[in-house]
Amino acid sequence: MTIQRQQRPATQADVAREVGVSRTLVSFAFRGTSGVSDETRQAIFDAAKRLGYRHNAAAAALASKQRTAVGLYLLDLRNEVFSDVLNGVRLALPQARNRLILSVSRSIGGEDQGALDSLIEARVGIIIAATLLDPDERVRELAQMVPVVSVTRRVEGVDSVYPDDHAGARAAVEHLLGLGHTRIAHLAGPQFDGHTVRREAYEQIMRSAGLTPQTVAAGDFTHEAGERAAAELLAGPDRPTAVFTHNDQFALGVREAAYAMGLTIPGDLSLVGYDDSPTARLHGIDLTSVDLHAVELGKIAGSVALERLNDPGAPIADRCITPQLVVRRSTAPSAS
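The numbers in UniProt numbering rise by one with no breaks, and the one at position 229 of the sequence shown is 229.
The following block contains the structure:
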């Protein structure tokens, strides 16, 4: 006797695979959201018909009336800046009204479509993106489909809450110049849209001082990448006497590489990070760092998200916070 198994109903994921697009785009097509081309929308509808997929418009309409949840899209909670942003967003949201749904990217640089899809499928009303969506145009495309608040990075045409990284980098470099350092290197991150300001500011200030910039770019934004790049930087014949890093994770990596080579901080090498993370403040590390006020950035981003939910037609928000240099024991006058 032959037993026939009942075929499961087709899903949006099946339609997405058939067309070669994301589940998010399929969802947008059926909801009539702008930002989906007519050609792509028709291809999605044709694939749905072939597969027998039926869109539950009534359920979607009901869910859309309840879209007060806020989605928070982060890069990596191991980076304490993102944890601080999360804490700030939580402080801004009234718990009784707005749920906060967290999605953490698995991708270093560029968007993680799966992480974005999970927020769309949860039918959030707005997404706070504190990650490395790349390039800026991709953020703007997403904002045409779901309102977006970009936090820690300014994106033209999108609600943005961010630090004045030029001012922060200037404070760091001028601090080292004031201590008499002339061989100041910069450990930069990958050069994505919105993440080059610190590097550009460093190079501009060095040239204005009549000095030659020495920039080394790490492969990603982790402690390990910083340590690898620093090992190469410090092994050169003209070793710098000071290093300014893109973030505190890099600074901790530089610290490890320096100690492995028998160098002392700040005796042989002055070190300035960026973020003023909780680790930077620990006794024994005492890292001089630029405080970008990550918790406050998160609080403001949460408030902007609520304003956008309440008034979709409000003017684009552009909120910039001035960072502050916090001097600790990792910097000292140049010995050379």
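For each residue, glycine too, the CB sits at the ideal point set by N, CA and C.
Item	Value
Minimum length 4: unbroken alpha helix (DSSP H) runs contained in the region 136–199	136–145 and 165–178
Secondary structure of Ser270, DSSP reduced to three states	strand
Cα-Cα separation, Asp276 to Thr331	14 Å
Length of the line joining the Cα atoms of Ala314 and Ser160	13 Å
Neighbourhood of Thr288 by C-beta, 6 Å cutoff - its chain only, sequence neighbours within 5 removed	Val272, Val327, Arg328, Ser330 and Thr331
9 Å Cβ cutoff met for Ala130 and Gly298	yes
Tyr259, DSSP secondary structure in three states	helix
For Leu234, the three-state DSSP class (helix, strand or coil)	helix
Where the alpha helix (DSSP H) containing Gly88 begins and where it ends	Glu80 to Ala92
Same chain only: Cβ atoms within 7 Å of Leu177, ignoring 5 sequence neighbours per side	Ala209
Start and end residues, beta strand (DSSP E) containing Asp318	Asp318 to Ile321
C-beta contact flag for Ala48 and Ala10 at 9 Å	yes
Reference Leu72; option with closest CA among Leu100, Arg78, Asp84 and Arg50	Leu100
Cβ separation of Val171 and Leu269, assumed to be a contact under 8 Å, to the nearest whole Å	Sequence inspection shows Ala at residue 171; the Val mentioned does not correspond to that position. About 19 Å separates the two Cβ atoms, so there is no contact after all.
Per-residue DSSP class, three states only, for Phe244	strand
Proximal residues to Val19 (C-beta, below 7 Å), its chain only, five neighbours per side dropped	Ala43, Ile44 and Ala47
Identified DSSP bridge partners for Tyr73	Ser103 and Ala129
Cβ separation of residue 347 and Gly125, assumed to be a contact under 8 Å, to the nearest whole Å	This structure gives no information on residue 347, because the portion of the chain shown stretches from 1 to 336.
Which of helix, strand or coil DSSP assigns to Ala217	strand
Three-way DSSP call (helix, strand, coil) for Asp117 in this model	helix
Straight-line Cα distance separating Val36 from Ala29	6 Å
Reduced DSSP secondary structure (H/G/I, E/B, other) of Ser289	strand
Bridge partners - Val326, DSSP secondary structure assignment	Ser289
contact_flag[the region 243–255, the region 143–153] where n(CB pairs < 8 Å) is 3 or more	no
Per DSSP, the bridge partner or partners of Asp275	Asp291
For Ala229, the nearest candidate out of Val155, Leu211 and Ala185 (CA to CA)	Ala185
Beta-carbon separation (whole angstroms), His195 vs Arg140, contact threshold 8 Å	Between Arg140 and His195 the Cβ distance is about 17 Å, and since that is not below 8 Å, they are no contact.
Check whether Ser22 and Asp117 have beta carbons under 9 Å apart	yes
Start-to-end residues for the alpha helix (DSSP H) that takes in Asp311	Looking at the DSSP string, Asp311 is not in any alpha helix (DSSP H), and its letter there is neither H nor E.
Anticipated Cβ contact below 8 Å, Thr241 with Ser334, distance rounded	5 Å
Counted within 10 angstroms of its Cβ, other Cβ atoms place Pro278 as buried (16 or more) or exposed	exposed
For Ser83, the nearest candidate out of Val151, Asp136 and Ala257 (CA to CA)	Val151
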